[in-house]
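Residue numbering for the sequence shown follows this note's numbering, beginning at 1 and increasing consecutively.
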Amino acid sequence: AACDRLAKAAVALGLRDRSHWWNARAQTIRDRILQRAWNARRQAFVESFDGEYLDASVLLMAEVGFIDPRDPRFVSTLHALERHLCEGPFMRRYEQADDFGLPQTAFNVCAFWRIDALARIGREAEAREIFEAMLACRNPLGLLSEDVVPATGELWGNFPQTYSMVGVVNGAMRLSRPWDDVV
C-alpha cells in the first residue's frame with residue numbers, strides 16, 4: 001500500500017520515472033504476499049509468509065486497496081476469520097498464543113474491520129447488526145475501550161482507545177447512505 005501511494009504521489013508531482021519504479025515495487029510486494037501469505041489448507045490469508053495462524057489484520061487488505069474485496073480468497077478469508085475468531089459481534093485479533101496465552105478478550109477494532117469487510121462484499125445487513133452491537137458496548141459517554149469480554153460485554157484494556165473510536169467513525173461512514181441520497 002505504501003509503495004502504491006508513493007507511485008501515485010510521484011504521478012501527482014510529475015515524476016513518471018519514480019512512479020514506474022514505485023509501481024514495480026508495489027507489484028513485486030503484492031505478488032509475494034498473495035503467493036506466500038495465502039494458506040491453501042486454511043483457505044485464508046494468514047499472519048505471515050508460509051504461516052498457519054489467522055490474524056484479523058488481513059481484513060485491512062481490502063480497505064487499503066490491496067485486493068478486491070470480492071476476490072474469492074478475501075471472501076474465504078473473512079469466512080475463516082468469522083468461524084475461528086468471532087463470538088457473536090466480537091472478534092479476537094488472532095488465534096495464536098502470545099506472551100499472555102491464548103486471547104481471551106475481543107479486540108474492538110477488529111469488529112470494525114469486519115464491519116468494513118462485510119459491507120464491501122455486500123453483507124451490509126450483517127455489518128449493520130454488528131455495528132449496532134458495538135455501539136451498545138460503549139460507556140455512558142459513548143467511548144469504547146481496547147477490548148471487550150464477549151460473554152459479559154465488560155470493557156477491558158486501554159480506555160478510551162483511539163483505534164476503537166476510529167472504528168466507530170469508519171463504520172458509520174461505510175454504512176451511511178451517500179449524501180446525495182439523503183438531501
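The C-beta atom is built at its ideal place from N, Cα and C for all residues, glycine as well. Quick caveat: nothing in here was measured; it's all calculated off a predicted structure.
- Contact annotation: Glu132 and Phe107 have beta-carbon atoms that are not nearer than 8 Å.
- The DSSP-derived three-state label of Phe74 is helix.
- Distance check between Ser48 and each of Tyr94, Asp116, Val11 and Trp22 places Tyr94 closest, using alpha-carbon atoms only.
- Looking from the CA of Tyr53, the closest CA among Ser176, Leu155, Gln96 and Gly122 belongs to Gln96.
- CA-CA distance, Arg5 to Ser19, rounds to 9 Å.
- Annotation for Gly167: the continuous alpha helix (DSSP H) segment containing it runs Thr162 to Leu175.
- Non-local beta-carbon contacts of Pro150 in its own chain, meaning distances under 7 Å to residues more than five positions away in sequence, involve Glu87, Gly88, Phe90 and Ala106 in chain order.
- In terms of Cβ geometry, Leu143 and Met173 do not form a close pair [threshold 8 Å].
- The Cβ atoms of Leu175 and Glu124 sit closer than 8 Å to each other.
- DSSP, read as helix, strand or coil, puts Val58 in helix.
- A distance below 6 Å between beta-carbons, with the five flanking residues on each side excluded, links Arg138 to the following residues of its chain, in chain order: Leu144.
- For the pair Gly157 and Arg16, the Cα-to-Cα distance works out to about 46 Å.
- Shown here, Phe100 sits in coil according to DSSP, grouped into three states, outside any helix or strand.
- Straight across, the Cα-Cα distance linking Ala119 with Ala127 is about 6 Å.
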